[in-house]
Amino acid sequence: MDISGIIFLEKFCQNWKKAMISISHDIRFINNSSTKIIEISNKKINNYP
3 MDISGIIFLE KFCQNWKKAM ISISHDIRFI NNSSTKIIEI SNKKINNYP
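Each residue of the sequence shown is one higher than the last, beginning at 3 in our numbering.
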């Protein structure tokens, strides 16, 4: 995805008021588009503010 697509998607996610599941290797995108991150890994749940 080009930079304009990423920026559009980040803004869309920031304005979304419901729960959303995002899967990405782009940590900057996840940080810019999320208010709370919950990671499920190795049968454990990790919360990030």
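Every residue gets a Cβ at the ideal spot worked out from N, C-alpha and C, and that includes glycine. From a predicted model like this one, the values you see are computed outputs, not experimental measurements.
Please tell me whether residue i and residue j are closer than 8 Å, where the distance is taken between their beta carbons.
i	j	result
I32	S24	yes
E12	N34	yes
What three-state label does DSSP hand residue i in the structure shown?
i	result
I39	strand
I44	Reading the sequence as shown, one finds Asn at residue 44 and not Ile. N44 falls in the coil class under three-state DSSP.
K13	helix
Going by beta carbon distance, what residues of the same chain come within less than 8 Å of residue i, once the five residues before and after it are set aside?
i	result
I8	D28 and F31
List the DSSP bridge partners of residue i.
i	result
N49	I40
Identify, in the order they occur along the chain, each residue of the same chain with its Cβ nearer than 7 Å to the Cβ of residue i, setting aside the five sequence neighbours on each side.
i	result
S26	I32
Apart from the five residues just before and just after residue i, which ones in its own chain have a Cβ nearer than 6 Å to its Cβ?
i	result
I39	Y50
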